[in-house]
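For reference, the structure is listed below as structure tokens.
There are 2 protein chains.
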Amino acid sequence: MRDVAIIGVGCTEFGELWDKSFREIFVEAGISAIEDANVQGGELDALYIGNMSGGRFIEQEHLGALIADYAGLAGLHIPSTRVEAACASGGLALRQGIIAVASGYHDIVVAGGAEKMTDVDVETTTDALAAAADREWEGVMGATFPGLYAMIAKLHMHKYGTTQEQLASVAVKNHHNGTMNPKAQFQNEISIETVLNSVMVADPLHVFDCSPITDGASAVVIAPADIAKKYTDTPVYVKASAQASGTLSLHDRPDITTIDATTAAAKRAYKMARVTPDDIGFAEVHDCFTIAEICAIEDLGFVKKGEGGKATVEGLTALGGKIPINPSGGLKACGHPVGATGVKQAVEITMQLRGDAGKRQIDGAAIGLTHNVGGSGGTAVVHIFGRER
Amino acid sequence: MRDVAIIGVGCTEFGELWDKSFREIFVEAGISAIEDANVQGGELDALYIGNMSGGRFIEQEHLGALIADYAGLAGLHIPSTRVEAACASGGLALRQGIIAVASGYHDIVVAGGAEKMTDVDVETTTDALAAAADREWEGVMGATFPGLYAMIAKLHMHKYGTTQEQLASVAVKNHHNGTMNPKAQFQNEISIETVLNSVMVADPLHVFDCSPITDGASAVVIAPADIAKKYTDTPVYVKASAQASGTLSLHDRPDITTIDATTAAAKRAYKMARVTPDDIGFAEVHDCFTIAEICAIEDLGFVKKGEGGKATVEGLTALGGKIPINPSGGLKACGHPVGATGVKQAVEITMQLRGDAGKRQIDGAAIGLTHNVGGSGGTAVVHIFGRER
Numbered sequence: 219m220r221d222v223a224i225i226g227v228g229c230t231e232f233g234e235l236w237d238k239s240f241r242e243i244f245v246e247a248g249i250s251a252i253e254d255a256n257v258q259g260g261e262l263d264a265l266y267i268g269n270m271s272g273g274r275f276i277e278q279e280h281l282g283a284l285i286a287d288y289a290g291l292a293g294l295h296i297p298s299t300r301v302e303a304a305c306a307s308g309g310l311a312l313r314q315g316i317i318a319v320a321s322g323y324h325d326i327v328v329a330g331g332a333e334k335m336t337d338v339d340v341e342t343t344t345d346a347l348a349a350a351a352d353r354e355w356e357g358v359m360g361a362t363f364p365g366l367y368a369m370i371a372k373l374h375m376h377k378y379g380t381t382q383e384q385l386a387s388v389a390v391k392n393h394h395n396g397t398m399n400p401k402a403q404f405q406n407e408i409s410i411e412t413v414l415n416s417v418m419v420a421d422p423l424h425v426f427d428c429s430p431i432t433d434g435a436s437a438v439v440i441a442p443a444d445i446a447k448k449y450t451d452t453p454v455y456v457k458a459s460a461q462a463s464g465t466l467s468l469h470d471r472p473d474i475t476t477i478d479a480t481t482a483a484a485k486r487a488y489k490m491a492r493v494t495p496d497d498i499g500f501a502e503v504h505d506c507f508t509i510a511e512i513c514a515i516e517d518l519g520f521v522k523k524g525e526g527g528k529a530t531v532e533g534l535t536a537l538g539g540k541i542p543i544n545p546s547g548g549l550k551a552c553g554h555p556v557g558a559t560g561v562k563q564a565v566e567i568t569m570q571l572r573g574d575a576g577k578r579q580i581d582g583a584a585i586g587l588t589h590n591v592g593g594s595g596g597t598a599v600v601h602i603f604g605r606e607r
Numbered sequence: 219m220r221d222v223a224i225i226g227v228g229c230t231e232f233g234e235l236w237d238k239s240f241r242e243i244f245v246e247a248g249i250s251a252i253e254d255a256n257v258q259g260g261e262l263d264a265l266y267i268g269n270m271s272g273g274r275f276i277e278q279e280h281l282g283a284l285i286a287d288y289a290g291l292a293g294l295h296i297p298s299t300r301v302e303a304a305c306a307s308g309g310l311a312l313r314q315g316i317i318a319v320a321s322g323y324h325d326i327v328v329a330g331g332a333e334k335m336t337d338v339d340v341e342t343t344t345d346a347l348a349a350a351a352d353r354e355w356e357g358v359m360g361a362t363f364p365g366l367y368a369m370i371a372k373l374h375m376h377k378y379g380t381t382q383e384q385l386a387s388v389a390v391k392n393h394h395n396g397t398m399n400p401k402a403q404f405q406n407e408i409s410i411e412t413v414l415n416s417v418m419v420a421d422p423l424h425v426f427d428c429s430p431i432t433d434g435a436s437a438v439v440i441a442p443a444d445i446a447k448k449y450t451d452t453p454v455y456v457k458a459s460a461q462a463s464g465t466l467s468l469h470d471r472p473d474i475t476t477i478d479a480t481t482a483a484a485k486r487a488y489k490m491a492r493v494t495p496d497d498i499g500f501a502e503v504h505d506c507f508t509i510a511e512i513c514a515i516e517d518l519g520f521v522k523k524g525e526g527g528k529a530t531v532e533g534l535t536a537l538g539g540k541i542p543i544n545p546s547g548g549l550k551a552c553g554h555p556v557g558a559t560g561v562k563q564a565v566e567i568t569m570q571l572r573g574d575a576g577k578r579q580i581d582g583a584a585i586g587l588t589h590n591v592g593g594s595g596g597t598a599v600v601h602i603f604g605r606e607r
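Structure follows, in structure tokens:
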């Protein structure tokens, strides 16, 4: 198995991009990554594309071929593969790209993700997103994602005394980080009161506890580690790529405050990278709702179970804290184009490890982690990246 | 890169399976393959799932997690990944499974495909299938797949003198093969007259020139070649796995009678397997329409360009011919559950190479090829399998 590195990254603005189509945003991110990597089009070997629901959002499947074609690569006949695992589609596209390079099947691979969510009405969007849950056991009963995560939050509050203020502090932190990210959908500060006074979506989650509906695309260029320095002085090495499944429905889990796909993927990733949670300098985690970030930092082993809310209020996960979480602004403030998110996380880690993250730069971090979740935890994917091989 | 083998296969009946759900048919095929491989559940490392449009057909995405869960594998937290490339989704799932084993990331992998197409009305099915073409350039203009392939057929007839009788002879042959396949959707003989007297769908394609709408699932178990004989006396070795993209729309191709993604993927596959078309004993090719089989046997190099129709009439591609094509009955008679087809082709090749194909057994063939196409040729994937490593 060959070692693998990221040699280039690209990302569109995240937001309501009504003047751009799916194919345009994907190719914008991809070309940006290819230019960043100093790769020529003819050197590209394969594309992997994360997308959750092109069928519902833009009435288009066969997205691999679409993108290869629109990017002008059809003449090269490069293999182009769409990968889907709901909101973890991006993370899985990244992982398939890594495996493809590790295998020797391909050398220079672009792994990207994109979602165009604002071309349909919000009811269609909500129903399309509900397809990430178990339609037969959850969707047809009327469960939508705010409702599912609200149940997780309720139990977390009951078991561990987590408060609405603690939940809100996740949103406040991530909005603060977003003010320093020029690509973020929301670049404004908010306060605890902003969250608590905002409209209730599903008790206890207010609208400011929820990540937004977003258009956006992101991409990375992956290469064998042995040739990475041919393209860049600052390759970022993939130290681990791990994926795990859990039950698709909440009702089948022993404890819904723990996403056991996350704990399983994290365990594999730490083993593969030969590190512990203490070695991780910072992370991009899947904060689709504020409660999700609290569960994530617990399930990834950064804090003890039940202490995620308290740790957030105390600043442990802030930019200057012991382990900064979601320096990009996370799904909450940077935005959550579902198929793009998992790749955008790797873009942020790469920028941070290179020292290219501008005002939100974390000093001295050498190892970063990404954590991308599909649905309410049916899929989790964890990657660990390092400045050193 | 490790060599890879197929150690088990499984397939549901193909047809209108109104009494079974998507999850049921996938798990039925998967368990059948796992039992065939003598693998224990705990040995499984990963799942790859080919599916074109769960979002439109069953309002369900996140199919990897769904299947891992319904198969009772959520507790093992195995990675489970859905792959999509329209009608080539199955072939790509197979290819990702092969790459995952070749890389060393995983050892025992199930690659399967499934589509449940009959739970929605036929207008929805037709529109969902049109999402395999370019929605902005073809779909919104009213183009559906019979129309696109009819244009290919018209030009092929114009350039090469191909006749409606020659097209029909593909259907007659594949229906004949289907009579010997107990899993096939259609197991009845038809005649040239049956085809020519059937209703016209898109001139010159009659309904009997078209593959049907089908429910079905298929699966294979993949393992490193070095340990394959631990599980079976008759492993089937993967000699090549190649994939290529072409333009998504017909109008961008230099010659629509050639699917250049097929020629590119075939060239790569022959090189990887170190064989020529003459070395291939038999093949399962993508006959979504009769014209598609004629183009395929030309583009794969089995006959000269323009001679596919004539060769079919002369029996070259019949079961007793020089190179039997679609012994399973192909998409035309066995049926075409779009996400399952690419995997079902590998199931057929495996059964033939093992000598397990019953009445349709091809004597003495040592090397078989599969050819799976997405849309009108935006994606093509070619695999070559052998009895010997």
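Line by line, the protein sequences give chains A and B. Going by our numbering, the first residue of the first sequence is number 219, and it counts up by one from there. Going by our numbering, the first residue of the second sequence is number 219, and it counts up by one from there. Where is the CB? At the ideal position from N, CA and C, for every residue including glycine.
Query raised in the report: Does Thr597 of chain B have its Cβ less than 9 Å from a Cβ in chain A?
Result: As a working note, residue 597 of chain B is residue 379 in the second sequence. Yes, because at least one Cβ of chain A sits closer than 9 Å to the Cβ of Thr597 of chain B.
Report task. Please name the residues in the region 292 to 308 of chain A whose beta-carbon is closer than 7 Å to at least one beta-carbon of chain B, in chain order. Result -> Ala292, His295, Ile296, Pro297, Ser298, Thr299, Arg300, Val301, Glu302, Ala303, Ala304
Query - Secondary structure of Val531 of chain A, DSSP reduced to three states - result: Start at 1 with the first residue of the first sequence, and residue 531 of chain A comes out as number 313. Correct three-state label for Val531 of chain A: helix.
Query raised in the report: Going along chain D in order, which residues have a C-beta closer than 7 Å to the C-beta of Ala462 of chain A?
Result: Looking for chain D here will not work: the only protein chains present are A and B.
Query raised in the report: Opposite Tyr449 of chain B in the DSSP bridges: which residues?
Result: Position 231 of the second sequence, counting from 1, holds the residue named residue 449 of chain B. Tyr449 of chain B pairs with nothing; no bridge assigned.
Requested in this report: Check whether the Cβ of His681 of chain A lies closer than 9 Å to any Cβ atom in chain B.
Outcome: As displayed, chain A neither begins before 219 nor continues past 607, which places residue 681 of chain A out of reach and without an answer.
Requested in this report: Would you kindly work out how many angstroms separate the C-alpha atoms of Tyr378 of chain B and Gly527 of chain B, rounded to a whole number?
Outcome: Numbered from 1 along the second sequence, position 160 holds the residue referred to as residue 378 of chain B. Numbered from 1 along the second sequence, position 309 holds the residue referred to as residue 527 of chain B. C-alpha separation (whole angstroms): 9 Å.
Query raised in the report: Nearest to Val328 of chain B by CA position, among B:Met335, B:Val319, B:Thr336, B:Lys334, is which residue?
Result: The sequence position of residue 328 of chain B within the second sequence is 110, counting from 1. Residue B:Val319 is the option with its Cα nearest to Val328 of chain B.
Query raised in the report: Does Ala351 of chain B get closer than 9 Å to chain A when you measure Cβ to Cβ?
Result: Position 133 of the second sequence holds residue 351 of chain B. Answer yes: the Cβ-Cβ gap between Ala351 of chain B and chain A drops below 9 Å somewhere.
Query raised in the report: What is the rounded straight-line gap between the Cα of Ala558 of chain B and the Cα of Glu516 of chain B?
Result: Translated into the one-based positions of the second sequence, residue 558 of chain B becomes position 340. Translated into the one-based positions of the second sequence, residue 516 of chain B becomes position 298. Ala558 of chain B and Glu516 of chain B: Cα-Cα distance of roughly 24 Å.
Report task. Identify every run of the beta strand (DSSP E) within the region 530 to 593 of chain B, keeping only runs that are complete inside it and at least 3 residues long; order them along the chain. Result -> For the region 530 to 593 of chain B, whole beta strand (DSSP E) runs of length 3 or above, ordered along the chain, are 585 to 592.
**Report entry** Best match in A:Gly228, A:Asn256, A:Tyr266, A:Ala292 for proximity to Gly464 of chain B [C-alpha to C-alpha]
**Finding:** Numbered from its first residue, the second sequence carries residue 464 of chain B at position 246. The shortest Cα separation from Gly464 of chain B among A:Gly228, A:Asn256, A:Tyr266, A:Ala292 belongs to A:Ala292.
Query raised in the report: Where do the ends of the alpha helix (DSSP H) carrying Gln384 of chain A lie?
Result: Position 166 of the first sequence, counted from the first residue, corresponds to residue 384 of chain A. Run containing Gln384 of chain A: 382 to 396, per the alpha helix (DSSP H) assignment.
Query raised in the report: Thr299 of chain B lies in the alpha helix (DSSP H); which residues open and close that run?
Result: Translated into positions along the second sequence, residue 299 of chain B becomes position 81. Looking at the DSSP string, Thr299 of chain B is not in any alpha helix (DSSP H); the run it does join, the beta strand (DSSP E), is 298 to 302.
Query raised in the report: How about Gly519 of chain B and Ala437 of chain B: do their beta carbons lie closer than 9 Å?
Result: What you label residue 519 of chain B is simply residue 301 of the second sequence in a count that begins at 1. What you label residue 437 of chain B is simply residue 219 of the second sequence in a count that begins at 1. Not closer than 9 Å, so no.
Query raised in the report: So is Ala346 of chain A in contact with chain B if we call contact Cβ pairs under 9 Å?
Result: Position 128 of the first sequence, counted from the first residue, corresponds to residue 346 of chain A. Closer than 9 Å: yes.
Query raised in the report: Roughly how many angstroms separate the alpha carbons of Lys522 of chain B and Pro545 of chain B, rounded to a whole number?
Result: Here the question's residue 522 of chain B lines up with position 304 in the second sequence. Here the question's residue 545 of chain B lines up with position 327 in the second sequence. Rounded to the nearest angstrom, the two C-alpha atoms are 21 Å apart.
Query raised in the report: Tell me which same chain residues have a C-beta within less than 6 Å of the C-beta of Ile602 of chain B, skipping the five on either side of it?
Result: To locate residue 602 of chain B, count along the second sequence from 1; it is residue 384. Same-chain partners within the cutoff: Lys457, Ala458, Ala487, Ala491, Leu587.
Query raised in the report: Excluding five sequence neighbours on each side, which residues of the same chain lie with their C-beta closer than 7 Å to the C-beta of Thr397 of chain A?
Result: Working through the first sequence from its first residue, we reach residue 397 of chain A at position 179. The answer, listed in chain order, is Gln405, Asn406, Glu407.
Query raised in the report: Given that Ile276 of chain B touches chain A, what residues does it touch there, using C-beta distances under 8 Å?
Result: As a working mapping, residue 276 of chain B is identified with position 58 in the second sequence. Below the 8 Å Cβ cutoff, chain A contributes Arg353 as neighbours of Ile276 of chain B, in chain order.
Requested in this report: Jot down the residue ranges of each uninterrupted beta strand (DSSP E) in the region 429 to 508 of chain A, minimum 3 residues, whole runs only, in chain order.
Outcome: 434 to 442, 454 to 463, 500 to 502
**Report entry** Beta-carbon neighbours of Asp287 of chain B, restricted to chain A and to distances below 9 Å
**Finding:** The sequence position of residue 287 of chain B within the second sequence is 69, counting from 1. Neighbours of Asp287 of chain B on chain A, chain order: Asp352, Ser463, Gly464, Thr465, Leu466, Ser467, Asp470, Gly596.
Query raised in the report: Ends of the alpha helix (DSSP H) at Ala371 of chain A?
Result: Here residue 371 of chain A is taken as the residue at index 153 of the first sequence, counted from 1. Counting along the chain, the unbroken alpha helix (DSSP H) around Ala371 of chain A starts and ends at 363 to 378.
Requested in this report: For Met418 of chain A, collect the residues of the same chain with a Cβ closer than 6 Å to its Cβ; drop the 5 residues on either side in sequence, then sort them by chain order.
Outcome: Translated into the one-based positions of the first sequence, residue 418 of chain A becomes position 200. Cβ within range, chain order: His424.
Requested in this report: Give every residue of the same chain whose Cβ lies closer than 6 Å to the Cβ of Ala501 of chain A, excluding the five residues on either side of it in the sequence, and list them in chain order.
Outcome: Locating residue 501 of chain A in the first sequence gives position 283, where the first residue counts as 1. Closer than 6 Å at Cβ, skipping near neighbours: Ile543, Leu587.
Query raised in the report: How would you call Met270 of chain B, buried or exposed, if buried means at least 16 neighbouring beta carbons within 10 angstroms?
Result: Within the second sequence, the letter at position 52 stands for residue 270 of chain B. It is buried - the Cβ of Met270 of chain B has at least 16 other Cβ atoms within 10 Å.
Query raised in the report: Where Arg274 of chain A and Ile580 of chain B are concerned, what is the direct C-alpha to C-alpha distance, given to the nearest angstrom?
Result: For the purposes of this step, residue 274 of chain A is identified with residue 56 of the first sequence, where counting begins at 1. For the purposes of this step, residue 580 of chain B is identified with residue 362 of the second sequence, where counting begins at 1. Computed Cα separation, rounded: 43 Å.
Query raised in the report: Going by other Cβ atoms of all chains shown within 10 Å of its Cβ, with 16 needed for buried, is Met569 of chain A buried or exposed?
Result: To locate residue 569 of chain A, count along the first sequence from 1; it is residue 351. Met569 of chain A comes out buried.
Query raised in the report: Which residue comes first and which comes last in the alpha helix (DSSP H) that contains Tyr288 of chain A?
Result: If you number the first sequence from 1, residue 288 of chain A lands on position 70. Where Tyr288 of chain A is concerned, the enclosing alpha helix (DSSP H) stretches over 281 to 288.
**Report entry** Buried or exposed (CB count within 10 angstroms, at least 16 for buried), Thr494 of chain B
**Finding:** Within the second sequence, residue 494 of chain B is the residue found at index 276, counting from 1. That one is exposed.
Query - Spatial distance of Asp505 of chain A from Trp236 of chain A (CA atoms) - result: In the first sequence, counting from the first residue as 1, residue 505 of chain A sits at position 287. In the first sequence, counting from the first residue as 1, residue 236 of chain A sits at position 18. So the alpha carbons of these two residues sit roughly 25 Å apart.
Query raised in the report: Quick one: which chain B residues come within Cβ less than 7 Å of Ser429 of chain A?
Result: The residue given as residue 429 of chain A occupies position 211 in the first sequence. Residues of chain B passing the Cβ test: none, with the nearest at roughly 17 Å.
Query raised in the report: With 9 Å set as the bound, which would you pick, yes or no: does the beta-carbon of Leu366 of chain B sit closer than that to a beta-carbon of chain A?
Result: Here residue 366 of chain B is taken as the residue at index 148 of the second sequence, counted from 1. No, Leu366 of chain B does not count as interfacial toward chain A.
**Report entry** Start and end residues, beta strand (DSSP E) containing Leu265 of chain B
**Finding:** By one-based count along the second sequence, residue 265 of chain B stands at place 47. Its beta strand (DSSP E) spans residues 264 to 268.
Query - chain B contact for Asp478 of chain A (CB, 9 Å cutoff) - result: Here residue 478 of chain A refers to the residue found at position 260 when the first sequence is read from its first residue. Cβ-Cβ to chain B under 9 Å: yes for Asp478 of chain A.
Query raised in the report: Is the Cβ-Cβ distance between Thr475 of chain B and Ile370 of chain B less than 9 Å?
Result: Position 257 of the second sequence, counting from 1, holds the residue named residue 475 of chain B. Position 152 of the second sequence, counting from 1, holds the residue named residue 370 of chain B. Against a cut-off of 9 Å, the Cβ pair of Ile370 of chain B and Thr475 of chain B comes out as a contact.
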